[in-house]
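Colleague:
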Amino acid sequence: GPVAERLARLYVKLLEAAKDSAIRQQWEQKADALLREVPEAEGFELRISLSRALYVRAEDIAERHRLRLASEEEVTEAERVLRQLEPQLRDIAVKVHRRVDGLERIEKQGNATDEINRQLADARRIRSLAFYYSGWCSYYLALIARSEPAAIEAFKSFGWLLNSPNGRPATLDRI
């Protein structure tokens with residue numbers, strides 16, 4: 808666990824520093840291999856950290872694309888990364904949401920210990936991060952690809968952050 812976390816942090820730094828698409832893809836593959844080896848319980852935090860490193864680069868390209876400053880190759884690369892990340896982040900959010908539900912049931916029964924409360928706080932934080940990045944991935948995919956379904960997915964992810972019931976899209980009164 809601790810070695811995998813240190814290696815994941817190193818991969819995050821290498822992904823952030825990679826300027827070339829081929830080198831970035833090489834580090835992405837190594838990061839994916841690491842995540843396959845890490846147990847699921849520890850993997851969510853690592854997956855979000857690694858995803859964030861990829862997302863930040865794609866977000867920068869998408870913003871430059873909006874200003875018409877990004878090359879076509881950069882935009883294609885950003886779209887590829889966002890299409891890869893969004894379902895992974897949504898999957899993490901859904902799985903962690905199930906964990907939050909289970910921990911909240913324990914809490915409501917009055918059986919919560921300090922450890923359960925800590926786990927619940929961590930799960931809520933990870934769920935929020937996953938929905939946050941999933942929402943922004945969808946937003947930028949909608950921007951780049953002019954995709955209405957991606958825009959709707961962004962609203963749904965942001966709806967989770969704003970406590971819209973049952974994963975409904977965010978509404979103005981919630982915002």
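In this note's numbering, the protein residues as written are 808 to 982. From the three backbone atoms N, C-alpha and C, an ideal C-beta is built for every residue, glycine too. If you're wondering where the values come from, they're calculated on a predicted model, not measured in any experiment.
Where do the ends of the alpha helix (DSSP H) carrying Q891 lie?
Modeller: Residues 879 to 915.
Colleague: Counting along the chain, where does the alpha helix (DSSP H) carrying V810 start and finish?
Modeller: Its alpha helix (DSSP H) spans residues 809 to 824.
Colleague: Do you know how far the Cα of K826 is from the Cα of R890?
Modeller: The alpha-carbon atoms of R890 and K826 are separated by roughly 20 Å.
Colleague: Is the Cβ-Cβ distance between S954 and R897 less than 8 Å?
Modeller: It is not a contact, given that the beta carbons lie outside the stated cut-off.
Colleague: According to the neighbour-count rule (16 or more other Cβ atoms, all chains shown, within 10 Å of its Cβ), is E960 buried or exposed?
Modeller: Buried is the call here.
Colleague: Give the single residue among S878, V810, L874, I923 whose Cα lies nearest to the Cα of V907.
Modeller: Ranking S878, V810, L874, I923 by Cα distance to V907 puts I923 first.
Colleague: On the three-state DSSP scale, how would you describe L979?
Modeller: Of the three classes helix, strand and coil, the one that applies to L979 here is coil, per DSSP.
Colleague: Using the Cα positions of A848 and W967, report the straight-line distance between them to the nearest angstrom.
Modeller: In this predicted model, A848 has a pLDDT of only 48, less than 50, meaning its place in the structure is not dependable enough to derive any value.
Colleague: Out of I933, R934, A957, S935, which has the shortest C-alpha to C-alpha gap to C944?
Modeller: Checking every option, the nearest Cα to that of C944 belongs to A957.
Colleague: So is G909 buried or exposed if we call it buried at 16+ other beta carbons inside 10 Å?
Modeller: So G909 counts as exposed.
Colleague: So, helix, strand or coil for D827, using DSSP?
Modeller: DSSP places D827 in coil when its eight states are reduced to three.
Colleague: Going by DSSP in three states, L969 sits in which element: helix, strand or coil?
Modeller: The answer is coil: DSSP assigns L969 none of H, G, I, E or B.
Colleague: Pull up the distance between the alpha-carbon of L927 and that of K915, whole angstroms please.
Modeller: Distance between the alpha carbons of L927 and K915 is about 12 Å.
Colleague: In whole angstroms, what separates the C-alpha of E823 from that of P972?
Modeller: Answer to the nearest angstrom: the Cα atoms are 36 Å apart.
Colleague: Kindly indicate the opening and closing residues of the alpha helix (DSSP H) around L874.
Modeller: Counting along the chain, L874 falls outside any alpha helix (DSSP H), and DSSP gives it neither H nor E.
Colleague: Under DSSP, the alpha helix (DSSP H) around G942 begins and ends at which residues?
Modeller: G942 -> alpha helix (DSSP H) spans 921 to 952.
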